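A.B. asks: Numbering (the numbering used here), first residue to last: 5 to 471. The C-beta atom is built at its ideal place from N, Cα and C for all residues, glycine as well. In this text, all values refer to a predicted model and were calculated from it rather than measured experimentally.
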Amino acid sequence: MRYHHSFDNKIALDMATKTLKQMRLGGIYDHIGFGFHRYSTDRHWLVPHFEKMLYDQAMIAMAYTEAYHITGEDIFAQTAREIFTYVLRDMTASEGGFFSAEDADSEGEEGKFYIWTEQEIKEVLGEDYGKEFNDIFSITTPGNYRDESSGKETRLNIPHLKNYNTNGSNEFESAREKLFNIREKRIHPLKDDKILTDWNGLMIAALAKAAIVLDEPVYLDAAEKAAEFVLHSISKGERLLKRYRNGVAALDAHLDDYAFMAWGLLELYEATFATKYLSQALDLMNIMVEDFWDDKNGGFFLGSDQSEKLIVRSKTAYDGAIPSGNSVAVMNMVKLTRITGNTKWAELAEKTIRAFSEDVNRTPTGYTLMLTGFMFDTQNSKEIVIVGDSRNRNTTKFLHTIRASYAPHKVLLFKDTSVSDNRLEQLANWTSTQNSINGKPTAYVCKNFACNQPTSDIQTALSFINE
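1. Alpha carbon to alpha carbon, how far is E70 from T21? Give it in angstroms, no decimals.
2. Between the alpha carbons of E136 and G147, how many angstroms are there, rounded?
3. Is the beta carbon of M292 sitting closer than 8 Å to the one on L259?
4. So, at 7 Å on beta carbons, what are the nonlocal neighbours of I441 in its own chain, with the 5 sequence-adjacent residues on each side left out?
5. I need the DSSP call for D295, collapsed to helix, strand or coil.
6. Return no unless some Cβ of chain C is closer than 8 Å to the Cβ of R47.
7. Let's test the definition: count the other Cβ atoms within 10 Å of the Cβ of Y43 and tell me whether it reaches 16, buried, or not, exposed.
8. Put Y410 into one of helix, strand or coil per three-state DSSP.
9. Give the straight-line distance between the Cα atoms of N426 and A275, rounded to the nearest whole angstrom.
10. Cutting at 8 Å between CB atoms, please list the residues of its own chain near H73, excluding the five before and the five after it.
11. Just tell me which of Q463, T435, K355 and H35 has its CA closest to the CA of S454.
12. Could you pull the start and end residues of the alpha helix (DSSP H) that L431 belongs to?
13. DSSP beta-bridge partners for G392?
14. So D18 is in the alpha helix (DSSP H); what residue range does that whole segment cover?
15. Check whether the region 349 to 369 touches the region 323 to 335, taking contact to mean three or more Cβ pairs, one atom from each stretch, closer than 8 Å.
16. Report the residue from G134, Q438, S361 and N138 whose alpha carbon sits nearest the alpha carbon of Y322.
17. Would you list, in sequence order, the uninterrupted beta strand (DSSP E) runs of no fewer than 3 residues that lie entirely inside the region 240 to 328?
18. Which complete alpha helix (DSSP H) runs does the region 52 to 125 hold, if anything under 4 residues is left out?
19. Thinking Y262 and Y273 are a contact (beta carbons under 8 Å), I'd like their distance in whole angstroms, please.
20. Taking all protein chains shown into account, decide if F11 is buried (16 or more other Cβ within 10 angstroms of its Cβ) or exposed.
21. Can you tell me whether G307 is buried or exposed, with buried defined as 16 or more other CB within 10 angstroms of its CB?
22. Which residue from L431, E55, L373 and C450 puts its Cα closest to that of L194?
23. Give me whichever residues DSSP pairs with N161 in a beta bridge.
24. Can you tell me whether DSSP reads D196 as helix, strand or coil?
25. Which residues bound the alpha helix (DSSP H) around K355?
26. Considering T446, what are the terminal residues of the beta strand (DSSP E) in which it resides?
27. Check whether the region 121 to 129 touches the region 228 to 241, taking contact to mean three or more Cβ pairs, one atom from each stretch, closer than 8 Å.
Here you go:
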C-alpha cells in the first residue's frame with residue numbers, strides 16, 4: 005500500500021487489498037467471535053491453525069486500518085473494529101495490559117471451540133434463517149472441515165463467506181450474537197495470560213493508529229492505559245522488564261521490548277500530542293542505544309549488555325511473523341529524526357540499514373519493515389507542525405483534515421497556543437520559531453526541515469503535503 009502511494013502503482017495496491025479481503029472472507033477469520041487465527045493451512049484461507057496470537061491481531065489490525073485510510077472501503081474499517089472488539093473483550097487484563105494468546109485446541113481437539121454442524125446452526129437460529137445463514141457461510145451437512153489424518157468428511161464446518169455483501173445487517177448481527185453466546189458456553193481454549201512488553205507495544209501502536217483513522221476514542225483510552233501499565237508495572241527503575249503474570253514482573257527486556265514499546269509511544273504522541281509520550285519514547289530509545297548498540301558493526305544486538313554476558317551476542321533484522329527489533333528501531337529513529345531534528349537518530353538509522361544491507365539485498369522479502377523504514381526516510385517524507393489553539397473548533401477541524409489525508413511518510417506535531425508549556429520546543433527545538441499567524445491555526449509543511457510558507461488555508465497545506 006505504501007509502495008502504491010510512493011510510486012502510484014495500482015497493481016501493488018490491488019495485491020494488498022485483494023489479500024486482505026480474501027483473508028477477511030476466509031476461515032482464518034473468526035466470523036462469530038472476531039479476530040484472526042494464526043495462519044491458514046491451505047491456499048484458500050479456509051482451514052486455519054486455530055491459535056490466536058496478540059501480535060497477529062496488532063499487525064493485521066494495522067494493515068486493515070491503513071487499507072481503510074487509503075481506500076475508504078468499509079470492509080477494512082469493519083474488520084479492524086472487529087479485531088479490536090475481540091482484543092478488548094477477550095485479551096485485555098483488568099490492569100490494562102494485553103494477554104499473549106489463545107490456544108488452538110480445547111478438550112484435546114484442535115478447533116473444537118470454533119466449528120459447527122449444519123444442525124447446530126439451525127437449532128440456534130431456527131430452520132428458516134438457519135438455512136439462510138448456512139448458505140451464506142458455506143456450512144453443509146458433510147462439512148467443510150475434514151479429518152486431518154484421513155481426509156474424511158466430519159460433518160463439521162468452519163464458517164466462511166463467499167462475499168462481503170451479506171455482512172453487517174441487523175438480522176445477521178443478531179444471528180451472530182446468538183451463536184456467539186452459545187459458543188461461550190463451550191469449554192474455551194487455554195488463554196496464555198502472560199503480558200509481554202514487546203507484543204503490548206505492537207497493540208498500543210495499532211490501537212493508537214486506529215483511534216485516529218477510525219475515530220474511536222475507546223481505542224485511545226485502551227492504548228494509554230496499556231502504556232501506563234507497561235511503563236510502571238513491567239519495569240525496574242528506568243529499564244523495562246520482559247513479562248508480567250500474576251502480579252509479578254520478571255526477566256530482562258530484549259531489543260524487541262524497547263523498540264516495540266517506543267513505537268507504541270510514538271503512535272500515542274501523534275494520536276494525543278501529549279509530549280510525555282514523545283519524551284518516554286526518547287528515553288526508551290536512548291536506553292536501547294546504550295544497552296544494545298553494536299559499536300563495531302552497527303545495528304542492535306538482541307540482548308542487552310546489562311544482562312548475563314554471552315559468548316556470542318546475536319543480531320538479526322529478519323521480519324518474520326513479527327517485525328524485527330532492528331527494523332522497528334530504524335522506523336523509530338527515522339521518525340525521531342523528523343520529529344526532533346536531532347541528526348543522531350538519522351546517523352544511527354543509516355548505520356543500522358547498512359549493517360544489514362547485504363541480507364536485505366539478498367532476500368528483500370524477509371526485511372519488509374526495514375524497507376518500509378528506508379522508504380519513509382527516502383520517499384518524500386514530510387515534517388508537519390500545526391500551531392493553534394486546541395480549544396478552537398477551526399484548529400480541531402484543521403487537524404482532522406490533515407489526519408484524514410493518507411500520507412504515510414510524515415510526522416505530525418502540534419503546538420498548542422492555549423497552554424504555556426514549551427515542552428515540545430525542548431524536545432524538538434526546530435519548532436521554537438513556528439507560531440500561529442493572526443490567531444488562526446497555521447500549518448508548517450517541511451521537507452528535511454526546509455519549510456514552505458506557513459499557511460492557514462487547509463487546501464494549501466494539503467497541496468504542500470502531497471507535493
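C.D. replies: Judging by the given coordinates:
1. 10 Å
2. 16 Å
3. yes
4. P458 and S460
5. helix
6. No chain C is present in this structure, which holds just one protein chain.
7. exposed
8. coil
9. 19 Å
10. V217 and Y410
11. Note that residue 454 is Ala in the sequence shown, not Ser. Considering only alpha carbons, the answer is T435.
12. R427 to L431
13. D420
14. K14 to L29
15. yes
16. S361
17. 243 to 249 and 252 to 256
18. 58 to 75 and 78 to 94
19. Actually they are not in contact, since the Cβ atoms of Y262 and Y273 sit about 16 Å apart, beyond 8 Å.
20. exposed
21. buried
22. E55
23. W120
24. strand
25. T347 to A359
26. T446 to K451
27. no
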